[in-house]
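**Q** Quick one: the structure is below, questions incoming.
Protein chains: 2
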Amino acid sequence: MLDPGEPKFRRRKAARPGEIVEAALAVFAERGFAAAKLDDIARRAGVSKGALYLYFETKEEIFRAVVAQAIAPNVQMIRAVIAAHPGPLSDLLRLVAGRAGVLMETLPVGGVLKMVIAEAGNFPELARVWHDDLVAHILGAMTDAIRAAQGRGEVRPGDPRMYALELIAPMLVGVIWRETFAPVGAQPFDLPALALQHAETMIEGLKNREVAA
Amino acid sequence: MLDPGEPKFRRRKAARPGEIVEAALAVFAERGFAAAKLDDIARRAGVSKGALYLYFETKEEIFRAVVAQAIAPNVQMIRAVIAAHPGPLSDLLRLVAGRAGVLMETLPVGGVLKMVIAEAGNFPELARVWHDDLVAHILGAMTDAIRAAQGRGEVRPGDPRMYALELIAPMLVGVIWRETFAPVGAQPFDLPALALQHAETMIEGLKNREVAA
DNA sequence: ACGTAATAACTGACCGGTTAGTTATTAATA
DNA sequence: TATTAATAACTAACCGGTCAGTTATTACGT
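Chains as they are written, first to last, in this note's numbering: chain A, 1 to 213; chain B, 214 to 426.
Set out below in structure tokens:
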């Protein structure tokens with residue numbers, strides 16, 4: 001069973017934090033903060049529980065690191081959206097839908113979103129960071145784009161912030177669905193396809209059909 | 214401090230279970246299952262912790278009762294939708310949007326939805342019940358209505374189940390938003406107004422504009 | 001009506017299992 | 001060999017669940 005020539009552990013100071021955060025994401029997403037056991041996180045990361053405390057002060061700090069890491073790469077994407085071209089809104093929506101569809105497949109947004117929703121009551125300042133640094137940016141950028149399109153007469157009247165929510169909501173529900181209901185037998189949704197179909201629905205739904213004054 | 218004429222408790226066997234479930238909903242929704250303390254639930258319900266065990270076997274059973282109770286009244290509404298009139302889809306959507314908007318304001322769907330999402334990993338059979346008895350009904354009824362409308366040529370081609378998700382997603386995100394981000398300072402959404410605006414958006418977005426063959 | 005015995009709703013101190021966090025020790029590497 | 005990453009045994013607090021005792025309420029006898 002054990003190869004005596006093989007050391008029973010390796011010293012890999014640099015790699016540990018990332019591995020721990022990755023393992024913690026999986027366990028927190030599956031169990032929630034309170035029900036997640038440090039022993040489970042440690043085992044999954046391939047270390048002992050004590051080793052966690054070489055890199056993090058508390059369980060809560062590990063949790064914060066998980067959420068923070070999940071925000072970081074996404075901020076890039078938002079910048080791209082904000083710096084978006086001033087072309088017609090329909091082009092922008094199709095572009096964003098294409099990007100978002102694959103991003104949702106790739107990144108672990110579902111698990112992290114689930115965590116943030118679940119623990120907002122216990123870690124309100126964490127929900128605040130997630131909102132201020134990520135959600136509000138996305139929603140704000142969308143709102144601005146829609147308002148601009150309304151100014152150009154492309155989009156009919158209506159609350160642009162609500163329109164923005166209508167735009168992104170199916171993607172959010174889609175990833176939540178994947179985490180929550182698909183594992184218990186519910187038919188899953190093809191997220192990229194959903195993103196594209198919804199983009200077309202919204203393009204038609206937002207179109208201003210009044211004759212220009 | 215204490216009025217000696219006032220008894221320190223009253224015997225109210227019939228009222229207790231409902232009060233306990235109501236208190237438990239509040240605590241579970243705020244803290245999640247694992248982090249919720251029975252002492253807190255008991256205090257909020259105005260009883261001692263021991264009294265909880267006169268009416269429920271375990272913490273988990275209280276949790277199940279909370280979720281079950283939240284499903285029951287809603288099933289009625291879905292029946293109404295399923296038995297829906299065969300008129301044009303736009304009428305149905307406006308009707309449902311009106312109902313849904315006020316229901317979301319009234320019922321504690323946000324808290325329960327949050328709980329189900331958060332604890333799906335720990336109580337998968339509970340997520341299954343929630344899905345099978347509630348979510349699948351709503352989505353299925355919507356899907357049927359849309360497919361029928363496509364058959365009549367009212368709605369353009371596209372996956373009807375995805376269209377159904379596009380329809381209900383903003384409401385779900387709206388209630389989650391209220392539970393998660395509004396408490397930390399995010400600007401809330403007017404859910405009835407959102408429902409109505411989204412209904413109009415989708416009516417336009419789904420409309421079949423091809424000339425009939 | 002009144003007193004009192006019987007019932008059962010309810011309390012709150014307690015117990016034990018679980019788990020976050022600590023530390024004495026071991027072993028990999030430079 | 002010195003350094004320190006990593007382990008594993010340990011501690012202590014917390015909390016779900018229990019139960020012996022208390023008190024509100026009811027039933028019954030006079």
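Ideal placement from N, C-alpha and C gives every residue a C-beta, glycine not left out.
What residue ranges within the region 60-114 of chain A form continuous alpha helix (DSSP H) runs of no fewer than 4 residues, ordered along the chain?
**A** 89-106
**Q** Span of the alpha helix (DSSP H) holding B:Arg391?
**A** Counting from one through the second sequence, the residue named residue 391 of chain B turns up at place 178. Counting along the chain, the alpha helix (DSSP H) containing B:Arg391 begins and ends at 373-393.
**Q** Between B:Leu308 and B:Glu273, what straight-line distance do the alpha-carbon atoms span, to the nearest angstrom?
**A** Here residue 308 of chain B refers to the residue found at position 95 when the second sequence is read from its first residue. Here residue 273 of chain B refers to the residue found at position 60 when the second sequence is read from its first residue. Going from the Cα of B:Leu308 to the Cα of B:Glu273 covers about 37 Å.
**Q** What residues from chain A crowd round B:Leu407, counting only those whose CB sits closer than 9 Å?
**A** Counting from one through the second sequence, the residue named residue 407 of chain B turns up at place 194. Under the 9 Å cutoff, chain A gives Asp159, Met162, Leu165, Glu166.
**Q** Considering only residues of the same chain and omitting the five flanking positions on each side of A:Leu172, which have a CB-CB separation below 8 Å?
**A** The residue given as residue 172 of chain A occupies position 172 in the first sequence. Once the five neighbours on either side are set aside, the close Cβ partners of A:Leu172 are Leu113.
**Q** Using a 10 Å radius around the Cβ and a threshold of 16 neighbouring Cβ atoms, would you call A:Glu210 buried or exposed?
**A** By 1-based counting over the first sequence, the position of residue 210 of chain A is 210. With a threshold of 16 other beta carbon atoms within 10 Å, A:Glu210 falls short and is exposed.
**Q** Roughly how many angstroms lie between the CA atoms of A:Pro170 and B:Lys250, to the nearest whole one?
**A** Walking along the first sequence from the start, residue 170 of chain A turns up at place 170. Walking along the second sequence from the start, residue 250 of chain B turns up at place 37. Taking the straight line joining both Cα atoms gives about 34 Å.
**Q** Taking Cβ-Cβ distances shorter than 7 Å, what residues in chain B pair up with A:His131?
**A** Taking the first sequence and counting its residues from 1, one reaches residue 131 of chain A at position 131. Correct list: Phe394, Val397, Ala399.
**Q** Assuming A:Ala118 contacts B:Ala399 under a Cβ cut-off of 8 Å, what Cβ separation, rounded to an integer in Å, is found between them?
**A** Translated into the one-based positions of the first sequence, residue 118 of chain A becomes position 118. Translated into the one-based positions of the second sequence, residue 399 of chain B becomes position 186. About 17 Å separates the two Cβ atoms, so there is no contact after all.
**Q** Express the C-alpha separation of B:Gln363 and B:Arg369 in angstroms, rounding to a whole number.
**A** By 1-based counting over the second sequence, the position of residue 369 of chain B is 156. By 1-based counting over the second sequence, the position of residue 363 of chain B is 150. Cα to Cα, B:Arg369 sits roughly 6 Å from B:Gln363.
**Q** By alpha-carbon positions, which one of A:Ala72, A:Glu166, A:Ala141, A:Asn208 ends up nearest to A:Val109?
**A** For this step, residue 109 of chain A is matched to residue 109 along the first sequence. Closest by alpha carbon: A:Ala72.
**Q** So, does the CB of A:Ile138 fall closer than 8 Å to a CB anywhere in chain B?
**A** For this step, residue 138 of chain A is matched to residue 138 along the first sequence. By this cut-off, A:Ile138 is not an interface position.
**Q** Tell me, to the nearest whole angstrom, how far the beta carbon of A:Leu165 is from that of B:Leu407; I am working on the premise that it is less than 8 Å.
**A** As a first step, residue 165 of chain A must be located in the first sequence, where it is residue number 165. As a first step, residue 407 of chain B must be located in the second sequence, where it is residue number 194. Contact flag correct, Cβ pair sits at about 7 Å.
**Q** Please name the residue, chosen from B:Ala333, B:Leu347, B:Met375, that lies closest to A:Thr180 on a Cα-to-Cα basis.
**A** Numbered from its first residue, the first sequence carries residue 180 of chain A at position 180. Per the Cα distances, B:Ala333.
**Q** From A:Val129 to B:Ala340, what does the alpha carbon distance come to, in whole angstroms?
**A** Here residue 129 of chain A corresponds to residue number 129 of the first sequence, with the count starting at 1. Here residue 340 of chain B corresponds to residue number 127 of the second sequence, with the count starting at 1. Taking the straight line joining both Cα atoms gives about 28 Å.
**Q** Can you tell me where the alpha helix (DSSP H) holding B:Asp346 begins and where it ends?
**A** The residue labelled residue 346 of chain B in the question sits at position 133 within the second sequence. No alpha helix (DSSP H) contains B:Asp346, which DSSP labels as neither H nor E.
**Q** Which whole-angstrom value describes the C-beta separation of A:Ala29 and A:Gly111, a residue pair presumed to lie in contact below a C-beta threshold of 8 Å?
**A** Looking up residue 29 of chain A in the first sequence gives position 29. Looking up residue 111 of chain A in the first sequence gives position 111. 3 Å between Cβ atoms; contact.
**Q** Using a Cβ-Cβ cut-off of 8 Å, state whether A:Lys37 counts as contacting chain B.
**A** Along the first sequence, read from residue 1 onward, the residue named residue 37 of chain A stands at position 37. Closer than 8 Å: no.
**Q** At a threshold of 7 Å, does B:Asp304 count as lining the ligand ZN (C-beta to nearest heavy atom)?
**A** The ligand content of the structure shown is nil, which means the ligand ZN is not present either.
**Q** For B:Ala244, which residues in chain A fall below 7 Å Cβ to Cβ?
**A** Here the question's residue 244 of chain B lines up with position 31 in the second sequence. First, the residue type needs correcting, since residue 244 of chain B is Arg and not Ala in the sequence shown. Within chain A, the residues near B:Arg244 are Gly121, Asn122.
**Q** Starting from A:Gly46, follow the alpha helix (DSSP H) in both directions and report where the run begins and ends.
**A** In the first sequence, the residue the question calls residue 46 of chain A occupies position 46. Looking at the DSSP string, A:Gly46 is not in any alpha helix (DSSP H), and its letter there is neither H nor E.
**Q** My output table needs one value for B:Val368: the three-state DSSP class, helix, strand or coil.
**A** The residue you call residue 368 of chain B lines up with position 155 of the second sequence. Of the three classes helix, strand and coil, the one that applies to B:Val368 here is strand, per DSSP.
**Q** List, in order along the chain, the chain B residues whose C-beta lies closer than 7 Å to that of A:Gly87?
**A** Within the first sequence, numbered from 1, the residue matching residue 87 of chain A stands at position 87. Near A:Gly87 there are no residues of chain B at all, since even the closest Cβ is about 20 Å away, more than 7 Å.
**Q** Would you say B:Thr414 reaches chain A, if we count a Cβ-Cβ gap shorter than 8 Å as a contact?
**A** For the purposes of this step, residue 414 of chain B is taken as residue 201 along the second sequence, with counting starting at 1. Flagged as an interface residue toward chain A: B:Thr414, by a C-beta distance shorter than 8 Å.
**Q** To the nearest whole angstrom, what separates the beta carbons of A:Leu93 and A:Met77, a pair I think is in contact under 8 Å?
**A** Here residue 93 of chain A refers to the residue found at position 93 when the first sequence is read from its first residue. Here residue 77 of chain A refers to the residue found at position 77 when the first sequence is read from its first residue. Incorrect: roughly 15 Å between the Cβ atoms, too far for contact.
**Q** DSSP three-state call for B:Leu215: helix, strand or coil?
**A** Within the second sequence, residue 215 of chain B is the residue found at index 2, counting from 1. The predicted position of B:Leu215 is uncertain, since its pLDDT is 36 and thus under 50; no value can be drawn from it.
**Q** Apply the 10 Å Cβ neighbour rule to A:Leu191 and answer buried if 16 or more other Cβ atoms are within range, or exposed otherwise.
**A** Along the first sequence, read from residue 1 onward, the residue named residue 191 of chain A stands at position 191. It is buried - the Cβ of A:Leu191 has at least 16 other Cβ atoms within 10 Å.
**Q** Name, please, each residue of chain A whose Cβ falls closer than 7 Å to the Cβ of B:Glu318.
**A** Here the question's residue 318 of chain B lines up with position 105 in the second sequence. Residues of chain A passing the Cβ test: none, with the nearest at roughly 16 Å.
**Q** Which value, in whole angstroms, describes the spacing of the CA atoms of B:Glu318 and B:Pro396?
**A** Sequence index remark: in the second sequence, residue 318 of chain B carries index 105 (1-based). Sequence index remark: in the second sequence, residue 396 of chain B carries index 183 (1-based). Distance between the alpha carbons of B:Glu318 and B:Pro396: 16 Å.
**Q** Would A:Val47 pass as a contact of A:Arg16 if the rule is Cβ separation under 8 Å?
**A** Along the first sequence, one-based indexing puts residue 47 of chain A at 47. Along the first sequence, one-based indexing puts residue 16 of chain A at 16. Yes, these two residues count as a Cβ contact at 8 Å.
**Q** With distances taken between CB atoms, is the gap from A:Ala243 to A:Leu52 smaller than 8 Å?
**A** Any property of residue 243 of chain A remains undetermined from this structure, which presents chain A solely from 1 to 213.
**Q** Between A:Ile71 and chain B, is the shortest Cβ-Cβ distance under 8 Å, so that the two count as touching?
**A** Numbered from 1 along the first sequence, position 71 holds the residue referred to as residue 71 of chain A. No, A:Ile71 does not count as interfacial toward chain B.
**Q** Between A:Val116 and A:Val67, what straight-line distance do the alpha-carbon atoms span, to the nearest angstrom?
**A** What you label residue 116 of chain A is simply residue 116 of the first sequence in a count that begins at 1. What you label residue 67 of chain A is simply residue 67 of the first sequence in a count that begins at 1. A:Val116 and A:Val67: Cα-Cα distance of roughly 8 Å.
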